[in-house]
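I have placed the structure first, in the form of structure tokens, so that the comments after it can refer back to it.
Chains as they are written, first to last, in UniProt numbering: chain A, 1 to 285; chain B, 1 to 265.
Here it is in structure tokens:
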């Protein structure tokens, strides 16, 4: 059966419900958010329709500039760590027996689906003084006494890498599955060691994939909002945390919306960059 | 290479398991204090999830929300995926893009969009708004799995059915539906598990009127520690692992994951 162009109005009927739902509950809320970002804030948590740029001007102040650059640097650090770990991991994973592979995939999916609250709670327990990993070091004789490792920037990065690692593997998985296995075999036949074959043949062949993955994990890490609160200090708050804080606790919806619009713009620019990288990769093959 | 592989997999496995091992240890601690190794053994904190009214209400709220929002997500995704497979209408791809967008953007954006929307329309805080919020946020998952199911169908089979006189409705019910039902089930399962764990959309839209388990854990964290949190954490990991194992048992997990991300930008 070939795909046919819709002829009658009835042919469009199946599209009606999905279209209405997506427009009313995604497009309209998105538009509402954008318009609220130009509204004027009233005392007491209310806002009135207006067209002012105050919220954007406030956002571009030095303080939030610092927040923005901290968020971006944090996401870059997390994305780079994840890709460096996940690339050899995924490459080796797809060469494993199917059963082992499926078991790892189930484990990765389970951790990926965990709420940030739960990941934050698990790591704050692991980093705590009373029940944490330092007790193990004391027991092994490596440390004098147990210490708390949180709040700290190291704890935030560790928690975020934990959250993003399964995502990174699952993004790399399809690309690596489709990679021509004869590539590294040829390198092996010509006498390269497996490690050398990985770095000289596989990694360069995947250059565009790696770049696209870095950007996707970066966007994913940019969305982290609870881990910086649970594992870090107030100066480790990211843009997502400040958006939630302004919307819920400071009752300043117009300002929260302006920050969210800015975050959307950054994200869309990165998505466009990913698509561009993907297109170039496709054209050169 | 084997040694290298085992070292890498050992480190990654330990990294992924360690926080959960500690939390599992804490969850069976007999005393109500945060200590590891656990002192004594008790399953009482697991019992608390069902016996303590606050935790039980949160559990029920989470389950109802996840079951209904995943169903709504499938109801949105199925006709859309069917239309895109059956009809040639390039402009309709915009709806596929809209279905994938909430999952691609940082979650705080979808959450804030819905918050401003419900506040403007006056429905802010109604429990059902969370069902719609989660359905829209997770519609990507059934949309991607069901689209994958459709792309795997041999069109000549469907052609044969319609040549034999079946109209769209009959062909869908007798030929298409049985072939894509495993993909519908796995799409539902993915949306269900992620909705169970979702925090920010639920928190920003109904957080003060409806307390789901992740919200309950976060609220409890502010006032200190209770071992019930640890028990809930282990319950959630176990639920996710069981659901994904079932998907792997009855479906082709590597294939599902091979497509899960390829549709995203």
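Glycine included, each C-beta is placed from N, C-alpha and C at the ideal position.
Bear in mind the structure is a predicted one, so any value in this text is a computation, not a measurement.
Compute the Euclidean distance between the alpha carbons of residue i and residue j, then round it to the nearest angstrom.
{"i": "residue 18(B)", "j": "residue 229(A)", "result": "21 Å"}
{"i": "residue 8(B)", "j": "residue 84(A)", "result": "12 Å"}
{"i": "residue 241(A)", "j": "residue 151(A)", "result": "16 Å"}
{"i": "residue 51(B)", "j": "residue 214(A)", "result": "45 Å"}
{"i": "residue 201(B)", "j": "residue 28(A)", "result": "16 Å"}
{"i": "residue 195(A)", "j": "residue 265(A)", "result": "40 Å"}
{"i": "residue 39(A)", "j": "residue 51(A)", "result": "6 Å"}
{"i": "residue 59(B)", "j": "residue 202(A)", "result": "47 Å"}
{"i": "residue 265(B)", "j": "residue 163(A)", "result": "At residue 265(B) the pLDDT is 33, less than 50, meaning the model places this residue with poor confidence; the figure from the coordinates comes in the next sentence. Approximately 20 Å between the Cα atoms of the pair."}
{"i": "residue 15(A)", "j": "residue 94(B)", "result": "12 Å"}
{"i": "residue 239(A)", "j": "residue 121(A)", "result": "21 Å"}
{"i": "residue 244(A)", "j": "residue 156(A)", "result": "18 Å"}
{"i": "residue 302(A)", "j": "residue 206(A)", "result": "Given that chain A is displayed from residue 1 to residue 285, the structure contains no residue 302(A) and the question cannot be resolved."}
{"i": "residue 68(A)", "j": "residue 154(A)", "result": "19 Å"}
{"i": "residue 70(A)", "j": "residue 144(A)", "result": "34 Å"}
{"i": "residue 330(A)", "j": "residue 89(A)", "result": "What the structure shows of chain A is the stretch from 1 to 285, and residue 330(A) is not part of that stretch, so it cannot be assessed."}
{"i": "residue 49(A)", "j": "residue 36(A)", "result": "7 Å"}
{"i": "residue 208(A)", "j": "residue 27(B)", "result": "44 Å"}
{"i": "residue 10(A)", "j": "residue 139(B)", "result": "24 Å"}
{"i": "residue 66(B)", "j": "residue 142(B)", "result": "14 Å"}
{"i": "residue 46(B)", "j": "residue 47(A)", "result": "45 Å"}
{"i": "residue 186(A)", "j": "residue 7(A)", "result": "53 Å"}
{"i": "residue 258(B)", "j": "residue 227(B)", "result": "38 Å"}
{"i": "residue 168(A)", "j": "residue 165(B)", "result": "48 Å"}
{"i": "residue 17(A)", "j": "residue 178(B)", "result": "22 Å"}
{"i": "residue 82(B)", "j": "residue 256(B)", "result": "18 Å"}
{"i": "residue 40(B)", "j": "residue 247(B)", "result": "36 Å"}
{"i": "residue 172(A)", "j": "residue 210(A)", "result": "8 Å"}
{"i": "residue 250(B)", "j": "residue 62(B)", "result": "26 Å"}
{"i": "residue 169(B)", "j": "residue 176(B)", "result": "10 Å"}
Taking 9 Å as the CB-CB cut-off, is residue i touching chain B?
{"i": "residue 210(A)", "result": "no"}
{"i": "residue 285(A)", "result": "Bear in mind that the predicted position of residue 285(A) carries a pLDDT of just 41, short of 50, making it unreliable; the figure below should be weighed with that in mind. So, not an interface residue."}
{"i": "residue 11(A)", "result": "yes"}
{"i": "residue 256(A)", "result": "yes"}
{"i": "residue 98(A)", "result": "yes"}
{"i": "residue 115(A)", "result": "yes"}
{"i": "residue 76(A)", "result": "no"}
{"i": "residue 154(A)", "result": "no"}
{"i": "residue 147(A)", "result": "no"}
{"i": "residue 61(A)", "result": "no"}
{"i": "residue 33(A)", "result": "yes"}
{"i": "residue 264(A)", "result": "yes"}
{"i": "residue 292(A)", "result": "With chain A running from 1 to 285 in the structure shown, residue 292(A) is simply not present."}
{"i": "residue 288(A)", "result": "A query on residue 288(A) cannot be resolved here, the shown segment of chain A reaching from 1 to 285 and no further."}
{"i": "residue 42(A)", "result": "no"}
So what does residue i bridge to, in DSSP terms?
{"i": "residue 48(A)", "result": "40(A)"}
{"i": "residue 4(A)", "result": "87(B)"}
Against chain A, with Cβ distances strictly below 9 Å, would residue i count as a contact?
{"i": "residue 245(B)", "result": "yes"}
{"i": "residue 204(B)", "result": "yes"}
{"i": "residue 52(B)", "result": "no"}
{"i": "residue 123(B)", "result": "no"}
{"i": "residue 28(B)", "result": "no"}
{"i": "residue 148(B)", "result": "no"}
{"i": "residue 197(B)", "result": "yes"}
{"i": "residue 188(B)", "result": "no"}
{"i": "residue 46(B)", "result": "no"}
{"i": "residue 182(B)", "result": "no"}
How should residue i be labelled, buried or exposed, when 16 other C-beta atoms within 10 angstroms of its C-beta is the threshold for buried?
{"i": "residue 108(A)", "result": "buried"}
{"i": "residue 60(A)", "result": "exposed"}
{"i": "residue 91(B)", "result": "exposed"}
{"i": "residue 29(B)", "result": "buried"}
{"i": "residue 266(B)", "result": "With chain B covering only 1 through 265, there is no way to say anything about residue 266(B)."}
{"i": "residue 216(B)", "result": "buried"}
{"i": "residue 246(A)", "result": "buried"}
{"i": "residue 107(B)", "result": "buried"}
{"i": "residue 113(B)", "result": "buried"}
{"i": "residue 207(B)", "result": "buried"}
{"i": "residue 160(A)", "result": "buried"}
Does the ligand SAH have a heavy atom nearer than 8 Å to the CB of residue i?
{"i": "residue 142(A)", "result": "Absence of the ligand SAH from the depicted structure is noted, as is the absence of any ligand whatsoever, leaving it without description."}
### Query
Counting pairs of beta carbons, one from the segment 161-175 of chain B and one from the segment 73-83 of chain A, are three or more of them closer than 8 Å?
Counting Cβ pairs under 8 Å, fewer than three are found: no touch.
| said: Could you check whether the segment 145-160 of chain B touches the segment 213-229 of chain B, counting it as contact only if at least three pairs of C-beta atoms, one from each stretch, sit closer than 8 Å? | reply: As far as the Cβ criterion goes, the segment 145-160 of chain B does not touch the segment 213-229 of chain B, which means the pair count is below three.
Exercise for the section: Assess, as a yes-or-no matter, whether the segment 18-30 of chain B is touched by the segment 226-244 of chain B under the definition of 3 or more beta carbon pairs within less than 8 Å. Expected result: Contact between the segment 226-244 of chain B and the segment 18-30 of chain B is present: three or more C-beta pairs spanning the two stretches fall below 8 Å.
Is there contact here, the segment 243-260 of chain A with the segment 13-29 of chain A, by at least three beta-carbon pairs under 8 Å?
Touching, no.
Checklist entry - Per the contact definition of three or more C-beta pairs closer than 8 Å, is the segment 60-73 of chain B in contact with the segment 126-134 of chain B? => result Yes: at least three Cβ pairs fall under 8 Å.
contact_flag[the segment 180-198 of chain B, the segment 101-119 of chain A] where n(CB pairs < 8 Å) is 3 or more: Yes, the segment 180-198 of chain B touches the segment 101-119 of chain A.
Does the segment 135-149 of chain A come close enough to the segment 172-192 of chain A that 3 or more CB-CB pairs lie under 8 Å? By the criterion of at least three beta-carbon pairs nearer than 8 Å, the segment 172-192 of chain A is not in contact with the segment 135-149 of chain A.
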